[in-house]
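Following: one structure in structure tokens, then a few remarks.
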């Protein structure tokens, strides 16, 4: 028996009608206190963060390398920095405006047989955050 990967929908939340769930595959993560971090190398999997539409958060599953939950309603500021043609980082300031940001890094990933750049994945991640929190400050440094 082989495990199947759920269909990918970067824009639409989980829907019984489509059977698709929204998730983000992260190549790097560092929390605001430097206590949790993850960096994907050639042999390690992506850190998958799946949207839980009922709770309004995105979180890692129990089997992931680290436990991460993001609640868009707690995000105050989002800064996107494009590293190169294929990669982008997203810095999120959560809750306290004086706190250090969390860093999320996205790289090119084949999804449904086609390459999707980290810049596009970062944009979709920010779009999801902004769809649940219209008050978030947003800056794309391109």
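Numbering (UniProt numbering), first residue to last: 1 to 142. Backbone N, C-alpha and C fix where the C-beta goes; we use that ideal spot for every residue, glycine too.
Three-way DSSP call (helix, strand, coil) for residue i in this model
| i | result |
| --- | --- |
| residue 44 | coil |
| residue 83 | coil |
| residue 113 | coil |
| residue 99 | coil |
| residue 64 | coil |
Range covered by the beta strand (DSSP E) that runs through residue i
| i | result |
| --- | --- |
| residue 22 | Here residue 22 belongs to no beta strand (DSSP E), and DSSP marks it neither H nor E. |
| residue 30 | 28-30 |
| residue 143 | The question about residue 143 has no answer, for the chain in this structure spans 1 to 142. |
| residue 37 | 37-39 |
| residue 89 | 88-94 |
Alpha-carbon to alpha-carbon, residue j and residue i
| i | j | result |
| --- | --- | --- |
| residue 25 | residue 64 | 11 Å |
| residue 43 | residue 78 | 30 Å |
| residue 37 | residue 104 | 10 Å |
| residue 84 | residue 114 | 19 Å |
| residue 49 | residue 62 | 11 Å |
| residue 86 | residue 108 | 6 Å |
| residue 137 | residue 76 | 6 Å |
| residue 81 | residue 67 | 24 Å |
Residue span of the alpha helix (DSSP H) that contains residue i, given as start and end
| i | result |
| --- | --- |
| residue 131 | 118-132 |
(request) Kindly confirm or deny that the stretch 24-31 and the stretch 98-116 touch, where touching means at least three C-beta pairs closer than 8 Å. (result) In the pairwise beta carbon analysis, the stretch 24-31 is classified as touching the stretch 98-116: at least three pairs are separated by under 8 Å.
(message) Using 8 Å as the cut-off, can you tell me whether the stretch 116-124 makes contact with the stretch 49-68, which would need three or more C-beta pairs spanning the two stretches below that distance?
(response) no
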